[in-house]
Structure formats: structure tokens, C-alpha cells
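Have a look at the structure below before the remarks.
Residue numbers (our numbering), protein chains in the order written: chain F, 80 to 397; chain X, 80 to 397.
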């Protein structure tokens with residue numbers, strides 16, 4: 080990019096987020112210099128959003144700035160980590176100041192909520208894509224890994240499932256989605272506070288990006304377990320519950336983009352976990368349990384049961 | 080991508096680099112978990128390479144894997160940091176196994192040289208682009224910042240300048256470049272060892288990616304100084320020296336892509352720095368000094384002098 084475009088982007092980048100004391104050197108040198116507090120380890124995750132794959136060309140830039148950061152923060156949440164720093168690689172077809180201003184507004188507002196400082200990145204000209212890396216603090220003993228689940232642990236999920244997938248379906252079929260559903264798709268809320276709270280209770284955790292059955296499959300595979308899902312217990316918004324009542328369970332089971340947390344808790348820790356979760360104002364729902372036998376059993380409300388495997392969830396997809 | 084493509088990439092990613100003891104959890108969970116050694120801070124840098132902007136579609140994948148990592152390692156070198164971890168976001172038009180194998184071969188060979196472990200990343204389908212973040216260790220007192228230069232400090236540069244730019248010019252004009260020049264453009268060698276050695280001597284440092292005058296401008300701006308460059312002292316390969324002898328100084332002054340280190344050293348530390356550099360087998364050349372007056376003075380071999388400013392180097396570009 081030309082010097083003036085570069086300066087424009089530098090301006091938006093360097094003023095995007097507030098300064099943290101653990102950032103010894105931020106944007107503007109060859110590297111950022113960062114200090115991890117004593118007693119903590121670093122959790123990092125990187126995700127890309129690519130135009131035409133994860134969003135459409137006419138996507139609202141502010142929502143995109145929010146979502147690109149939110150999906151990364153959701154990975155920190157699933158680890159129980161405290162967000163600290165973020166890097167942003169933006170590839171843009173042109174230095175469109177209005178687009179950039181709105182994108183950074185969405186990005187910065189969510190960053191501010193989580194005291195996240197933008198410490199570096201890169202901007203290049205090319206087809207629109209966004210790659211973000213988030214960095215957070217966690218104690219190694221407290222980190223919520225995928226592989227700590229044991230047979231008998233209870234399975235919980237936060238929030239409600241399937242609304243983002245329903246928004247996508249409505250957009251495909253009718254060109255637009257109901258506003259409350261669109262918000263779930265365009266402005267997911269990463270469950271950072273819940274994740275940090277769960278470090279004292281959960282045996283394993285994962286965030287729901289691919290869909291419940293697929294992500295539960297990842298958790299089971301890492302834990303060396305199977306799972307039983309009680310579909311009557313799934314937390315569903317009315318519009319999603321309606322589709323399920325008509326026999327179509329794809330939205331909550333395979334819809335993806337929920338960015339809620341799925342986690343397992345040893346039975347003896349469940350009461351204390353629930354007390355802490357309620358006291359902190361979160362909403363979680365027990366939806367099943369881990370079992371010793373590999374594979375996922377879906378227990379339907381009508382008493383019917385079906386077996387699934389981590390590799391077999393694709394037939395649920397739209 | 081489909082599950083099998085995803086598994087293919089996971090295979091290449093998870094076997095790409097050797098395990099380090101400071102990686103508590105690598106690829107495969109929601110986050111990687113990393114431990115910075117006591118007494119050290121973390122240096123991070125992120126760079127993107129985009130097809131059509133930084134490389135052509137028919138670029139050799141192995142060279143591309145090398146270069147994408149090398150330009151990032153060059154930023155760690157410029158900070159004097161010890162490389163540790165790397166993340167890789169790959170956007171690919173298709174899951175081309177041959178391309179991926181060759182790309183990862185170039186990437187992994189350079190990573191192994193620097194004991195760098197691949198700890199995470201993302202793969203998506205879309206126009207080819209590569210975003211890499213490198214992470215290294217450095218003491219805050221020892222870090223080579225851009226802004227520590229003072230008037231009177233001597234200016235040095237490693238290696239030779241302008242060969243990558245000459246390779247680009249030959250490719251544009253003749254379709255191909257001389258092999259030794261092409262190697263400078265396609266397989267830059269990040270000066271990691273030299274950078275770490277300089278932490279005891281240099282007052283400021285930057286790596287040469289934009290071209291000597293532009294990057295010197297960044298160093299001067301951060302240091303609050305100007306600089307005087309003795310062009311007769313520039314370390315030049317014969318083919319570049321020939322162009323300069325004919326009056327065209329653009330290759331070494333504005334060519335870019337050299338990935339050598341430019342650094343300033345207080346006069347009283349120069350003898351010890353040179354002794355250490357020679358003992359470690361590096362090649363550096365004194366090319367001028369920092370001065371109190373802003374702007375860059377170019378002193379030509381024929382006695383002519385011209386003034387330049389950090390913002391004024393664009394007219395040097397091809």
C-alpha cells in the first residue's frame with residue numbers, strides 16, 4: 080500500500096485499544112514486547128475469516144470486526160483463559176477508510192469489553208480476509224483442555240443452540256433473517272467469563288463452532304470417551320424448538336456458529352459449579368453425560384435412540 | 080474444507096516441527112499452552128504474504144514456505160530475540176497435497192534450523208495467502224528497539240544489499256533472474272544469530288524489508304535523529320555495484336527484500352562489537368552514522384551530497 084494508506088491504517092490500529100501495563104512495546108517496532116505475569120502460562124489461538132467462505136462481500140463491517148474477534152475470544156473462553164493481547168492481519172482490496180473505521184469500531188468495542196490490547200499485525204492489499212491471534216493468561220493446572228473428560232461426567236452447555244444456523248437458513252431461503260436470530264449469527268458473544276469460572280469445576284471444555292455433535296465428538300475423542308445426549312434437554316429458542324418439534328434436529332445438533340461452551344463436570348462438582356454459575360449470572364443446561372463406550376448416542380424425546388460417531392455428523396448438516 | 084482435507088492438513092501441521100519443552104499443549108485443542116522462561120519477555124511479530132502482491136501463482140511452494148517464515152524470523156532477528164514458537168494461517172484455493180507437502184518442507188526446514196515449533200494456526204479455502212506469527216524470547220533490557228539510536232552512533236549493515244531487488248528487476252525485464260540473485264529474493268536468510276549477538280552492543284536495529292533509506296528513516300524517526308550514509312561504503316555484490324557505478328543507486332537504497340540487519344552502535348562499543356561479530360562468523364559493514372539533524376544525507380562516491388527525508392524515499396523505487 081502507499082505510504083498514506085499505510086499511515087491511515089496505522090492510525091486506526093494504534094488507537095484501536097487501550098494500553099495494558101504488560102505490553103512493554105506495542106505497535107511500531109519490529110516486534111511487540113510482552114510480559115506474561117509470574118505463575119501464568121500463555122494460551123494462544125489463531126483463526127481466519129475469508130470473504131465468500133465465512134462472510135459475504137456486503138457483510139456489515141462493524142459486525143465483521145466484532146465477529147472476527149469474537150470467534151477467537153471463544154477459543155480463549157474454552158480454555159478458561161483471561162484475554163490479554165491480540166494481533167490482526169487484514170488483507171483488503173482497497174484502503175476504504177469508511178469500511179476500515181466501521182470494522183475497527185466493532186473490533187475495538189469487543190476488545191475493550193475484555194481489556195484486550197492490539198499489539199501488532201499486518202495489512203496487505205488483496206482479496207478480503209482477516210486473521211486474528213488472541214493471547215490470554217491461564218494457569219496450566221486450571222486450563223480447560225478437551226481431553227480431561229471421564230465416563231460418568233455430566234455434560235453441560237451454555238446459552239441456547241441453533242439460532243445462528245437458523246439465521247443462515249432464513250437468509251438462504253428468504254434473503255433475510257429475523258433480527259434476534261441474525262444477532263446470534265453476526266454478533267456472537269464469547270463466553271469468556273463463564274470459561275474462567277469453570278476452571279475450578281470442568282474436566283473438559285470446547286467451544287461450539289462446528290455444531291454440537293461435531294464438537295462433542297472432538298471432546299470425546301480427546302477424552303477417550305463416548306457420550307449420551309438427551310435431546311429433550313437441549314436449550315432451544317422457540318423458533319429452533321419448532322423445527323425440532325417437526326423432526327428436524329439439524330439446527331441445534333449440527334448448525335455450528337453457536338460459540339457457546341460445551342463442558343463436562345465430575346458429578347461431585349456439579350452442585351458447586353451450578354451455584355457459582357448462577358451467582359455469576361450465567362445460564363447453563365445439563366444435556367447428557369460422558370460414557371465409556373465410544374460414539375455418541377442421541378436420545379430423542381419420543382424414546383427413540385440413535386448412534387452417531389464423531390466422524391458421522393456430516394449428514395446432519397444443511 | 081471437508082473432513083479428509085482437514086485431516087490431511089492436520090497431518091502436515093502436527094508433524095511439521097519438533098517438540099519443545101516450553102510447549103505445554105500444541106496443536107489440537109482450542110488453544111496452545113505455552114510457557115515463557117523466567118526472566119524473559121515475549122517478542123511477537125505477524126506478517127502476511129498474499130498471492131499477486133508478494134509472490135506469483137507459479138512460485139515454488141518450497142521457497143514460499145521458506146520465505147514466509149524467513150520474513151517473520153527477520154523481525155525476531157531485528158529485536159535480538161531467540162525464536163521459539165510459530166503459528167500459521169494458510170488460505171488455499173484447494174487442498175493440493177503436493178503443493179502443501181512442498182510448502183511445509185520449506186517451512187519446516189527453516190523452522191528446524193531455529194528450533195521453532197509450530198503450535199497452531201488455521202486453514203481455510205480461498206485465494207492463496209499466508210499469515211505467520213513468530214514468538215521469541217528476549218530480555219527487555221537486551222531487546223533491540225528502533226528508537227535507541229543517538230547522534231554520533233555508527234551505522235552498520237549486515238551482508239550485501241540490492242540483490243533481491245536486482246533479481247526482481249531481471250525477472251520483470253527478462254523473465255528470469257541469475258540463480259545467485261534469485262536465491263537472495265526467494266530464500267532470504269534471517270539474521271537471527273547476529274541479532275542475538277548484537278543485544279550487547281547495538282543502540283537500535285531494524286531489518287531491511289522496505290529498502291535501506293526507508294528502513295533507516297524508520298530507525299531515525301523512532302530515535303529522533305537524522306543519518307549520514309556513505310554510499311562508497313555500501314556492501315554490494317558485483318552486479319549491484321555495476322548498476323551503482325552507472326549512476327543508478329535504487330537497488331541498494333530502495334530495493335527492499337534484503338532481510339539484512341541495519342543497526343547503530345555507540346562509538347565506544349564498536350571495537351568489541353566487531354570482535355564479537357567476526358568471532359561468530361558474521362559479516363557487517365560500517366556505512367555511516369546517526370546525526371542530530373533530521374533527514375538522511377546521501378554522500379555519493381564522487382563527493383556530491385543530497386538530502387533525503389524518511390518520507391521522501393519513494394522516488395528511489397523502481
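Even glycine gets a Cβ: it sits at the ideal position worked out from N, Cα and C.
May I ask which residues mark the beginning and end of the beta strand (DSSP E) holding residue i?
i	result
residue 368/X	363-370
residue 312/X	Taken as a continuous stretch (DSSP letters only), residue 312/X belongs to no beta strand (DSSP E), as it is neither H nor E.
residue 319/X	Element bounds for residue 319/X: not the beta strand (DSSP E) but the alpha helix (DSSP H), 317-324.
residue 218/F	Per DSSP, residue 218/F belongs to no beta strand (DSSP E) and is neither H nor E.
residue 108/F	Neither: residue 108/F is in no beta strand (DSSP E) and is coded neither H nor E.
residue 198/X	196-204
Buried or exposed for residue i, going by 16 or more other Cβ atoms inside 10 Å?
i	result
residue 189/F	buried
residue 267/X	buried
residue 363/X	buried
residue 239/F	buried
residue 310/X	buried
residue 90/F	exposed
residue 397/F	In this prediction, residue 397/F has a pLDDT of 42, which is less than 50 and means its spatial position is unreliable; what the coordinates show is noted afterwards. So residue 397/F ends up on the exposed side.
residue 380/X	exposed
residue 100/X	exposed
residue 339/F	buried
residue 395/X	Per-residue confidence for residue 395/X stands at a pLDDT of 45, beneath the threshold of 50, marking its modelled position as unreliable; the derived number appears in the next sentence. Buried: at least 16 other Cβ atoms inside 10 Å.
residue 169/X	buried
residue 162/F	buried
residue 112/X	buried
residue 326/X	exposed
residue 393/X	Reliability fails at residue 393/X, whose pLDDT of 45 lies under 50, so the model's placement of it is uncertain and no value is given.
residue 218/F	exposed
residue 385/X	exposed
residue 251/F	exposed
residue 294/X	buried
residue 372/F	exposed
At 8 Å on the CB atoms, spell out the chain X contacts of residue i, in chain order.
i	result
residue 183/F	None at all; the shortest Cβ gap to chain X is about 17 Å.
residue 359/F	Those do not exist, as residue 359/F stays about 21 Å from chain X at its closest Cβ, beyond 8 Å.
residue 88/F	Ordered by position in chain X, no residue passes the 8 Å Cβ test against residue 88/F, which lies about 13 Å from the chain.
residue 173/F	Correct list: empty, because the minimum Cβ distance to chain X is about 13 Å.
Report the partner residues of residue i according to the DSSP bridge assignment.
i	result
residue 352/X	According to DSSP, which records beta bridges pairwise, residue 352/X is partnered with nothing at all.
residue 210/F	127/F, 168/F
residue 96/X	Partner(s): none; residue 96/X has no beta bridge.
residue 375/F	306/F, 387/F
residue 410/F	Here chain F comprises residues numbered 80 to 397, so residue 410/F is not present and cannot be evaluated.
residue 343/X	234/X, 283/X
residue 295/F	Residue 295/F is not bridged to any residue.
residue 102/F	113/F
residue 162/F	215/F
residue 358/F	The partner list for residue 358/F (beta bridge, DSSP) is empty, contrary to what the question assumes.
residue 121/F	216/F, 113/X
Since residue i meets chain F, which of its residues come closer than 7 Å, beta carbon to beta carbon?
i	result
residue 110/X	122, 123, 124, 154, 155, 158, 160
residue 131/X	205
residue 115/X	115, 121
residue 103/X	120, 219
residue 285/X	109
Chain X partners of residue i, CB-CB under 7 Å?
i	result
residue 411/F	No statement about residue 411/F is possible, as the shown extent of chain F runs from 80 to 397 and does not include it.
residue 168/F	125, 127, 210
What in chain F is Cβ-close to residue i, meaning under 8 Å?
i	result
residue 229/X	In chain order: nothing, as chain F lies at least about 17 Å away.
residue 200/X	125
Output the boundary residues of the alpha helix (DSSP H) element that contains residue i.
i	result
residue 251/X	242-253
residue 154/X	140-158
residue 237/F	Careful: residue 237/F lies outside any alpha helix (DSSP H), inside the beta strand (DSSP E) at 233-237.
residue 181/X	176-192
residue 271/X	271-277
residue 257/F	Counting along the chain, residue 257/F falls outside any alpha helix (DSSP H), and DSSP gives it neither H nor E.
residue 330/X	329-333
Name, please, each residue of chain B whose Cβ falls closer than 9 Å to the Cβ of residue i.
i	result
residue 225/F	Going by chain labels, chain B is absent from the structure shown, which instead holds the protein chains F and X.
Find the residues of chain X that neighbour residue i, judging by a C-beta separation of less than 9 Å, and give them in chain order.
i	result
residue 222/F	103, 104, 108, 110, 112
- Query: Does the segment 347-365 of chain X come close enough to the segment 277-297 of chain X to have 3 or more Cβ pairs within less than 8 Å?
  - Reply: yes
- Task: Please confirm if the segment 201-220 of chain F is in contact with the segment 122-133 of chain F, defined as three or more CB-CB distances below 8 Å between the two stretches.
- Result: yes
- Query: Hey, is the segment 142-159 of chain F in contact with the segment 188-207 of chain F, meaning 3+ C-beta pairs nearer than 8 Å?
  - Reply: yes
- Query: Are the segment 92-111 of chain X and the segment 221-239 of chain F touching by the rule of at least three beta carbon pairs closer than 8 Å?
  - Reply: yes
- Message: Contact between the segment 137-146 of chain X and the segment 178-185 of chain F is defined here as three or more beta-carbon pairs at a separation below 8 Å; is this criterion met?
- Response: no
- Message: When you compare the segment 352-359 of chain F with the segment 285-302 of chain F, are there three or more beta-carbon pairs, one atom per stretch, that lie closer than 8 Å?
- Response: no
- Task: For the segment 228-245 of chain F and the segment 294-312 of chain F, state whether three or more C-beta atom pairs, one from each stretch, are separated by less than 8 Å.
- Result: yes
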